[in-house]
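Numbering (the numbering used here), first residue to last: 40 to 185.
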């Protein structure tokens, strides 16, 4: 069989012509008068009205997709004492490995060590923010801050 030998088994369905006499005369199934009875009827989508009512943040960079600042995660001296061993290097990477802090958006978090509790082990602190009292407590226990 060739392409030119093919024939349809069913006829083409013709589009119904409306408003030209016959069973759909006069209003042609459009009801009576009004916007939706007219030709070229286009209604404004209701979602657009909702969007227009939402307050917009005007100004430079307010509605852009600029990445947000990674919030710092707080670690206390009590947590360091509990999870870290003597002589360990305390950094965001080692704290994540021990399960003390979690990744934020696939990146290592900014870690801040606060002086809640006491510390008796020696630590080497790297790439962490410290409060002044936490720095004093760590150095008092024999640790170092880099």
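The C-beta atom is built at its ideal place from N, Cα and C for all residues, glycine as well.
- Here the C-alpha atom of residue 184 lies approximately 48 Å from the C-alpha atom of residue 94.
- DSSP, read as helix, strand or coil, puts residue 150 in strand.
- Taking a cut-off of 8 Å on C-beta distances, the segment 172–180 does not touch the segment 136–149, as fewer than three cross pairs fall below it.
- Taking 7 Å as the cut-off, the Cβ atoms of residue 165 and residue 130 count as close.
- Residue 148 is classed as buried because its beta carbon has at least 16 other beta carbons within 10 Å across all chains shown.
- The three-state reading of DSSP puts residue 93 in coil, since its state is none of H, G, I, E or B.
- Counting of Cβ neighbours within 10 angstroms places residue 52 among the exposed residues, the total staying below 16.
- Under the criterion of beta carbons closer than 8 Å, residue 156 and residue 117 qualify as touching, at roughly 3 Å.
- Distance from the Cα of residue 150 is smallest, within the candidate group 119, 181, 167, for 167.
- Counted as a single uninterrupted DSSP element, the beta strand (DSSP E) harbouring residue 112 occupies residues 111–115.
- Rounded to the nearest angstrom, the Cβ distance from residue 67 to residue 58 is 3 Å, consistent with a contact under 8 Å.
- Residue pairing by DSSP puts residue 143 in a beta bridge opposite 146.
- Residue 158 has its alpha-carbon roughly 8 Å from the corresponding atom of residue 119.
- In the structure shown, residue 168 falls within a strand segment according to DSSP collapsed to helix, strand and coil.
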